[in-house]
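The sequence shown lines up with residues 3 to 187 when you count with my numbering. Below is one structure, written out as structure tokens; the observations come after it.
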Amino acid sequence: RDPQDLVGHYNVFEKRFYEGEFLKALYRARTPRWNDAIHIVVLDEMNLSHPEQYFSGLLSALERNPEDRYLGLMSHALERAPALFHEGSKLSIPTNVWFVGTANHDETTKDFADKIYDRVHVMELPHRPEPFTVDTRSPRPPVSFKALDAAFERAFTQHSPVAKRAIDFLERELRKPLARNFEIG
Numbered sequence: 003r004d005p006q007d008l009v010g011h012y013n014v015f016e017k018r019f020y021e022g023e024f025l026k027a028l029y030r031a032r033t034p035r036w037n038d039a040i041h042i043v044v045l046d047e048m049n050l051s052h053p054e055q056y057f058s059g060l061l062s063a064l065e066r067n068p069e070d071r072y073l074g075l076m077s078h079a080l081e082r083a084p085a086l087f088h089e090g091s092k093l094s095i096p097t098n099v100w101f102v103g104t105a106n107h108d109e110t111t112k113d114f115a116d117k118i119y120d121r122v123h124v125m126e127l128p129h130r131p132e133p134f135t136v137d138t139r140s141p142r143p144p145v146s147f148k149a150l151d152a153a154f155e156r157a158f159t160q161h162s163p164v165a166k167r168a169i170d171f172l173e174r175e176l177r178k179p180l181a182r183n184f185e186i187g
């Protein structure tokens, strides 16, 4: 229901931070052993509570440039903060961590606020998916984060002129009709 449920909390009486599994995963992704691996954090049924409340700090941080993405954990710095904490009270959100959430829409769930839709990619899955056969070949070795990031960078460089033309078309031809007729920005 609130950020403490996700990351944990600092107990001022014991002078100890009680971290949640989510925070441990973010920290672990920054360590030398795991910083070239891709980490996917799955928030299952994330709309049983309001994500704009418990996920607000992360949403704000994820809007910033990667080098400025810090999750504030406490209002003051710890004297003996863990090595990867920034300024003794913040943890940077590494680029090798991706967040995926599932959401059901029924009488037991909360609707997403508009500000959530502005910051995420939504993919609706069919109620009755088509059956398919699973490829039984042996699995490939894992792809490093650096290799995947380099592939994304190459794709961006190679395809950015086409993407720019598409964005220009949307701006020139669709922005005003969408705003006027459907109130879509």
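Just so it is clear, CB atoms sit at the ideal spot from N, CA and C, and this is done for glycine as well. Computed from a prediction, not measured in an experiment: that's the story for all the values here.
Three-state secondary structure assigned by DSSP to Gly59: helix
Where Ile42 sits in the DSSP three-state scheme: strand
Three-way DSSP call (helix, strand, coil) for Val164 in this model: helix
Cα-Cα separation, Leu25 to Asp113: 25 Å
Whole-angstrom distance between Asp38 and Pro144, CA atom to CA atom: 11 Å
Bridge partner(s) assigned by DSSP for Val99: His41
Asn106, buried or exposed, once every other Cβ within 10 Å from all chains shown has been counted against 16: exposed
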